[in-house]
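**Q** Here it is, the structure, as structure tokens.
There are 2 protein chains.
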Amino acid sequence: MTHLELWIPGPTEVSAPVLAAAASPAIGHRTKEMCALYDALVPGCREMFGCERGVVLFGTHSATGFMEAFTRNGIARRALHIVNGAFAERWKLISDACEKSNAVLEIPWGRAATPQELDAFLDRDRDFDAVALVHNETSTGALAPLEQLAAVVRRRLPDAMLLVDAVTSAAATPIRFDDWGLDGVFTGSQKALALPPGLALAAVSKRLLEKAQALPGRGYYFDLVDLAKNGAKSQTPTTPALPQLNALKVQLERIAASGGFAARYARHAALAARTRAYCEERGFPSFTAPEFLSPTVACRENGGLDVAAWVKGLRAKGYLMSEGYGDLKARTFRIGHMGDHELAGLERLLAASDAVLRDLGWKR
Amino acid sequence: MTHLELWIPGPTEVSAPVLAAAASPAIGHRTKEMCALYDALVPGCREMFGCERGVVLFGTHSATGFMEAFTRNGIARRALHIVNGAFAERWKLISDACEKSNAVLEIPWGRAATPQELDAFLDRDRDFDAVALVHNETSTGALAPLEQLAAVVRRRLPDAMLLVDAVTSAAATPIRFDDWGLDGVFTGSQKALALPPGLALAAVSKRLLEKAQALPGRGYYFDLVDLAKNGAKSQTPTTPALPQLNALKVQLERIAASGGFAARYARHAALAARTRAYCEERGFPSFTAPEFLSPTVACRENGGLDVAAWVKGLRAKGYLMSEGYGDLKARTFRIGHMGDHELAGLERLLAASDAVLRDLGWKR
């Protein structure tokens with residue numbers, strides 16, 4: 002089976018040295034070798050999350066696991082979920098499934114909440130001890146103005162836990178956990194970090210851990226208190242996903258050696274700009290409102306194109322693209338341009354896309 | 002850093018071809034390639050669990066995650082936990098953490114419950130809708146008589162869910178899910194299957210899934226109903242641990258090509274017998290009662306030996322061994338002889354052990 006180059010909103014391509022690291026021999030998870038590996042990972046993750054004051058955590062599960070962990074550990078009474086896409090909606094459903102009372106600030110798909118909308122909502126209802134939102138909504142390519150939204154939460158609900166899904170924003174755009182006053186942020190390995198899937202990364206505030214301590218029913222696997230307690234000994238409560246941790250170590254070294262996260266943010270911005278320009282030229286309007294365009298996922302209207310045929314044609318040329326998410330399947334398509342992708346690779350993809358569009362008789 | 006050969010109760014050594022498979026390029030998790038990978042894994046897992054009638058599931062988490070999943074999905078009213086070691090105790094604590102009422106049949110460490118003990122316990126108290134037990138207790142090397150215990154549960158509590166931790170028994174000794182009337186069994190990737198950690202495997206009965214459907218508070222990540230629903234489409238609810246799934250595919254092929262699971266069971270029995278004989282000769286009595294000796298973990302009394310010094314000496318020779326678990330740390334040691342280990346490798350380990358014992362002035 003020939004490999005399809007991944008330009009979907011995750012998993013994304015993993016480079017050869019990072020894949021090789023995933024094949025490192027197993028080590029004992031209660032050894033000094035494990036502690037050394039753990040300690041090597043923390044500084045890079047602190048930088049990625051902009052978190053010096055909080056605690057960095059590694060979860061052996063997909064990123065969704067931290068949605069549930071934040072819900073079980075961070076919501077005591079009632080949460081506000083800002084819902085503007087499929088993943089924000091998933092988080093709300095997780096709070097329901099964990100029997101956590103919640104209200105929803107509903108925002109149309111393709112947009113994110115503005116600080117004004119959040120402020121106005123809180124005028125009517127602010128009985129919340131937690132606010133959960135998605136930084137970059139992968140289903141629609143909408144990047145929320147996190148700094149400004151956080152400022153509203155901090156001003157209006159100083160004691161509420163501010164919990165953020167950064168699955169397709171972390172490592173692609175700056176996050177300032179300490180400066181913005183976040184209480185929890187998480188991401189997955191297979192997105193802008195360009196690692197294999199199976200590992201989730203988070204930063205949490207000390208006050209979140211204190212609050213969690215008193216919360217019943219948070220279970221064991223997603224008990225952040227226990228995870229942090231083990232983390233203080235540079236270990237994890239259960240055997241961790243060693244291939245992904247070894248891959249992360251090599252990837253953080255590679256990031257440091259190639260200009261750091263700043264260079265990574267700039268490259269993602271350039272990939273996003275080029276993808277947008279291409280889609281404009283070819284007549285595919287942005288599904289996402291212009292003030293919320295994402296650094297990692299382009300979500301575009303089909304403009305009349307048979308998206309399934311275009312995806313199929315690109316597959317035949319060795320590229321995997323994405324139809325729209327859920328109800329948007331045929332109406333939109335998504336290009337995930339994140340991780341280790343470079344502009345040169347994007348140009349090859351777009352040239353292949355042009356060939357497919359020609360085959361399909363696309364005239365714009 | 003030189004690699005330490007792992008003879009601990011997990012993680013265990015991973016062979017070169019399996020490690021190479023863990024480094025396979027990423028694929029989209031909503032593609033036909035993913036479905037093909039998933040479908041390739043199920044038959045071997047059915048064989049490992051002896052499960053044709055139930056549903057095989059893959060969890061992107063360590064095995065402990067399925068402890069919590071079984072608790073959240075299988076216990077409606079009150080569970081019986083048979084507790085004879087650290088992992089059985091962990092499961093009981095998980096039920097507590099999930100606010101599931103439970104009672105404990107306490108068995109001394111180093112033993113497992115006998116069918117008579119279980120029967121007698123149920124004479125006094127049988128208000129249970131679930132029974133949770135550990136097949137092979139990794140902390141003490143005690144293998145429970147699962148077939149006989151299951152028969153008692155099926156006779157006395159026909160409607161109760163019978164939930165089994167097979168973390169260090171699956172792939173090392175036969176499990177007959179259908180024949181024994183189990184409702185749930187799970188294992189982890191890094192034990193007798195000899196894969197990297199980060200993947201958990203389970204089989205569940207259809208009646209467990211039906212029961213789960215009506216249970217509130219089971220959350221999202223450990224919702225077995227959703228996992229099974231996605232599994233029916235040969236997918237997982239969230240992005241799975243692809244390196245471990247690719248490794249499993251190659252490992253199942255290797256097992257099939259080398260005599261199947263039957264040969265694996267015989268090899269584990271031979272490794273266990275040789276380890277026992279060695280420990281007897283050198284004067285290390287079994288901590289585990291003779292009727293419960295494990296196929297994967299030898300737990301032996303120190304016989305007066307400084308276990309920490311012996312472990313350190315072996316480490317210097319390139320072998321990682323295990324001190325006892327928790328309170329048994331100094332009093333016992335554990336040799337994990339599972340996975341892809343062969344007798345020839347065991348002989349090398351034992352020769353190295355002899356050299357260390359000589360250095361320590363051990364006279365027996």
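As you go down the protein sequences, you meet chains A and B in turn. Each residue of the first sequence is one higher than the one before, starting from 2 at the first, in my numbering. Each residue of the second sequence is one higher than the one before, starting from 2 at the first, in my numbering. For each residue, glycine too, the CB sits at the ideal point set by N, CA and C.
Which of helix, strand or coil does DSSP assign to B:F122?
**A** Position 121 of the second sequence holds residue 122 of chain B. The answer is helix: DSSP assigns B:F122 an H, G or I state.
**Q** B:V19 and B:V251 - do their beta-carbons sit closer together than 8 Å?
**A** The count along the second sequence starts at 1 and reaches residue 251 of chain B at position 250. The count along the second sequence starts at 1 and reaches residue 19 of chain B at position 18. Cβ distance < 8 Å, so B:V251 and B:V19 count as in contact.
**Q** Go ahead and label A:G319 buried or exposed: buried means 16 or more other beta carbons lie within 10 angstroms of its beta carbon, across all protein chains shown.
**A** Residue numbering aside, residue 319 of chain A sits at position 318 when the first sequence is read from its first letter. Answer is exposed; the Cβ neighbour count stays below 16.
**Q** Which residues of chain A have a Cβ atom closer than 7 Å to the Cβ of B:H4, listed in chain order?
**A** Here residue 4 of chain B corresponds to residue number 3 of the second sequence, with the count starting at 1. Near B:H4 (Cβ distances below 7 Å), the residues of chain A are P26.
**Q** With 7 Å as the limit, tell me which residues of the region 243 to 274 of chain A have their beta carbon closer than that to any beta carbon of chain B; keep them in chain order.
**A** Listed by position along the chain: L243, P244 and Q245.
**Q** On the three-state DSSP scale, how would you describe A:M322?
**A** Taking the first sequence and counting its residues from 1, the one referred to as residue 322 of chain A is at position 321. It is coil, neither helix nor strand.
**Q** Taking C-beta to C-beta, are B:L42 and B:L200 nearer than 8 Å?
**A** Position 41 of the second sequence, counted from the first residue, corresponds to residue 42 of chain B. Position 199 of the second sequence, counted from the first residue, corresponds to residue 200 of chain B. Result no, Cβ atoms of B:L42 and B:L200 do not sit closer than 8 Å.
**Q** Under 8 Å, Cβ to Cβ, is there at least one residue of chain A near B:R219?
**A** The residue given as residue 219 of chain B occupies position 218 in the second sequence. So yes, B:R219 belongs to the interface.
**Q** Considering only C-alpha positions, which residue in the set A:L38, A:A143 and A:A133 is nearest to A:S102?
**A** As a first step, residue 102 of chain A must be located in the first sequence, where it is residue number 101. With distances taken between Cα atoms, A:S102 lies closest to A:A133.
**Q** For B:A21, go through chain A and note every residue whose CB falls closer than 8 Å to its CB, in chain order.
**A** Taking the second sequence and counting its residues from 1, the one referred to as residue 21 of chain B is at position 20. Residues of chain A passing the Cβ test: A24.
**Q** If I measure Cβ to Cβ from B:L106 and keep anything under 8 Å in the same chain, skipping five residues before and after, which residues do I get?
**A** On the second sequence, residue 106 of chain B is found 105 positions in, with the first residue counted as 1. Here the set comprises L81, H82, I83, V84, A114, E118, L119 and F122.
**Q** Taking only beta-carbon positions, decide if B:D120 is within less than 8 Å of chain A.
**A** Taking the second sequence and counting its residues from 1, the one referred to as residue 120 of chain B is at position 119. So, not an interface residue.
**Q** Give the residues from the region 82 to 94 of chain A that approach chain B closer than 8 Å (Cβ to any Cβ), ordered along the chain.
**A** Those would be R91 and L94, in chain order.
**Q** From A:L194, A:L183 and A:G45, pick the residue whose C-alpha is nearest to that of A:S206; which is it?
**A** Position 205 of the first sequence, counting from 1, holds the residue named residue 206 of chain A. It is A:L183.
**Q** Give a yes or no on whether the C-beta atoms belonging to B:D160 and B:D130 are separated by under 8 Å.
**A** As a position in the second sequence, residue 160 of chain B is number 159, starting the count at 1. As a position in the second sequence, residue 130 of chain B is number 129, starting the count at 1. In this structure, B:D130 lies closer than 8 Å to B:D160 by Cβ.
**Q** Cα-Cα, which of B:E69, B:L246 and B:D166 is closest to B:L196?
**A** Translated into positions along the second sequence, residue 196 of chain B becomes position 195. Closest by alpha carbon: B:L246.
**Q** Buried or exposed: A:L243, going by 16 or more other Cβ atoms within 10 Å of its Cβ?
**A** Walking along the first sequence from the start, residue 243 of chain A turns up at place 242. A:L243 is buried by the Cβ-count criterion.
**Q** Is the beta carbon of A:L210 sitting closer than 8 Å to the one on A:V186?
**A** In the first sequence, the residue the question calls residue 210 of chain A occupies position 209. In the first sequence, the residue the question calls residue 186 of chain A occupies position 185. Contact: no.
**Q** Would you kindly report the start and end of the unbroken alpha helix (DSSP H) that includes B:H82?
**A** If you number the second sequence from 1, residue 82 of chain B lands on position 81. First-last for B:H82: A80 to V84, but that is the beta strand (DSSP E), not the alpha helix (DSSP H).
**Q** What in chain B is Cβ-close to A:A185, meaning under 7 Å?
**A** Walking along the first sequence from the start, residue 185 of chain A turns up at place 184. Correcting the residue identity first, residue 185 of chain A is Gly in this sequence and not Ala. Ordered by position in chain B, no residue passes the 7 Å Cβ test against A:G185, which lies about 16 Å from the chain.
**Q** Answer with yes or no whether the minimum CB distance from A:A98 to chain B is below 8 Å.
**A** Counting from one through the first sequence, the residue named residue 98 of chain A turns up at place 97. It does; some Cβ of chain B falls within 8 Å.
**Q** Which chain B residues sit within Cβ distance under 7 Å of A:I9?
**A** What you label residue 9 of chain A is simply residue 8 of the first sequence in a count that begins at 1. Under the 7 Å cutoff, chain B gives G29.
**Q** Identify every run of the alpha helix (DSSP H) within the region 24 to 108 of chain A, keeping only runs that are complete inside it and at least 4 residues long; order them along the chain.
**A** With a minimum length of 4 residues, the continuous alpha helix (DSSP H) runs that stay inside the region 24 to 108 of chain A are 33 to 50, 65 to 75 and 87 to 98.
**Q** Hey, quick one: how far does the beta strand (DSSP E) through A:D166 stretch, first residue to last?
**A** Taking the first sequence and counting its residues from 1, the one referred to as residue 166 of chain A is at position 165. Residues M162 to D166.
**Q** How would you list, in chain order, the residues of chain A whose beta-carbon sits under 7 Å from the beta-carbon of B:G304?
**A** For the purposes of this step, residue 304 of chain B is identified with residue 303 of the second sequence, where counting begins at 1. The contacting residues do not exist; B:G304 stays about 23 Å from chain A at best.
**Q** For a minimum of 4 consecutive residues, which ranges assigned as the alpha helix (DSSP H) are wholly contained in the region 157 to 202 of chain B?
**A** Fully enclosed alpha helix (DSSP H) runs of 4 or longer: 178 to 181.
**Q** Excluding the five sequence neighbours on either side, which residues of its own chain have a C-beta within less than 6 Å of the C-beta of A:A17, listed in chain order?
**A** Numbered from 1 along the first sequence, position 16 holds the residue referred to as residue 17 of chain A. If we look at A:A17 and ignore the five residues flanking it on each side, it has no Cβ neighbours.
**Q** Can you tell me where the alpha helix (DSSP H) holding B:E211 begins and where it ends?
**A** Counted from its first residue, the second sequence places residue 211 of chain B at position 210. Looking at the DSSP string, the run of the alpha helix (DSSP H) that includes B:E211 is K207 to Q214.
**Q** Considering only the alpha carbon of each residue, which of A:M68, A:L150 and A:C46 lies closest to A:A173?
**A** Within the first sequence, the letter at position 172 stands for residue 173 of chain A. Of A:M68, A:L150 and A:C46, the residue nearest in Cα terms is A:C46.
**Q** Would B:L150 be called buried (16 or more neighbouring beta carbons within 10 Å of its own) or exposed?
**A** Taking the first residue of the second sequence as 1, we reach residue 150 of chain B at position 149. Classification of B:L150: buried, given that the 10 Å Cβ count is 16 or more.
**Q** Taking the Cβ atom as the reference point for each residue, do B:A23 and A:A23 lie within a distance shorter than 8 Å?
**A** Stepping through the second sequence from its first residue, residue 23 of chain B is reached at position 22. Stepping through the first sequence from its first residue, residue 23 of chain A is reached at position 22. Result yes, Cβ atoms of B:A23 and A:A23 sit closer than 8 Å.
**Q** Can you pull the chain B residues whose beta carbon is under 9 Å from the beta carbon of A:D224, in chain order?
**A** Translated into positions along the first sequence, residue 224 of chain A becomes position 223. Within 9 Å Cβ-Cβ: A98.
**Q** To the nearest angstrom, how far is it from the Cα of B:V168 to the Cα of B:R177?
**A** Numbered from 1 along the second sequence, position 167 holds the residue referred to as residue 168 of chain B. Numbered from 1 along the second sequence, position 176 holds the residue referred to as residue 177 of chain B. Going from the Cα of B:V168 to the Cα of B:R177 covers about 15 Å.
**Q** Using the C-alpha atoms, what's the distance from B:W363 back to B:A270?
**A** Numbered from 1 along the second sequence, position 269 holds the residue referred to as residue 270 of chain B. Numbered from 1 along the second sequence, position 362 holds the residue referred to as residue 363 of chain B. Rounded to whole angstroms, B:A270 to B:W363 spans 28 Å at the Cα level.
**Q** Can you have a look at A:S190 and say buried or exposed, based on whether 16 or more other CB atoms are within 10 angstroms of its CB?
**A** One-based indexing of the first sequence puts residue 190 of chain A at position 189. That one is buried.
**Q** For A:G45, return the contacting residues in chain B, with the cut-off set at a CB-CB distance below 7 Å.
**A** If you number the first sequence from 1, residue 45 of chain A lands on position 44. Within chain B, no residue comes near A:G45; the closest Cβ sits about 20 Å away, beyond 7 Å.
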